[in-house]
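What follows is one structure encoded as structure tokens, with my remarks underneath.
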């Protein structure tokens, strides 16, 4: 399959922070390590009509869409689960909340559209 080159839109380098799965070592839980994955993609803000389709509590958050040729992942709960991918853009950290994945041969151009939200800062 073809991978999009994003010639008509600007692609930028993005460093994805992906946490590896934790495990029990000698009966104690050990958190997974964080791996940095360099990718390229296009970041665009969510449109107002797209925000209206979200729950009311999420509409005021900073939402962006990331288009990339690399599959990103959201949080998976339960046994064998993992944390969602995160990245830093313009000084803020974002978390992948939803992925429309077209990287498994379902499309002519293999790509993924990830819906990402800024991780809220809380006072210490």
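Numbering (my numbering), first residue to last: 712 to 835.
Each residue gets a CB set at the ideal place from its N, CA and C atoms; glycine is no exception.
DSSP state of residue i mapped onto helix, strand, coil
i: residue 712; result: Only weak support is given to the placement of residue 712: the predicted model assigns it a pLDDT of 49, under 50, and the question is left unresolved by the model.
i: residue 759; result: helix
i: residue 767; result: helix
i: residue 693; result: An answer regarding residue 693 cannot be provided, because it is not within the stretch 712 to 835 covered by the chain.
i: residue 722; result: coil
i: residue 784; result: coil
Beta-bridge partners of residue i, as assigned by DSSP
i: residue 730; result: 745
i: residue 753; result: 778
i: residue 829; result: 805
First and last residue of the uninterrupted beta strand (DSSP E) at residue i
i: residue 808; result: 803-813
i: residue 779; result: 774-779
Beta-carbon gap between residue i and residue j smaller than 8 Å
i: residue 795; j: residue 812; result: no
i: residue 751; j: residue 743; result: no
i: residue 729; j: residue 741; result: no
i: residue 749; j: residue 726; result: yes
i: residue 821; j: residue 780; result: yes
Worksheet item: Taking three-plus beta-carbon pairs below 8 Å as touching, is the segment 794-809 in contact with the segment 824-833?
Response: Result yes; three or more Cβ-Cβ pairs closer than 8 Å.
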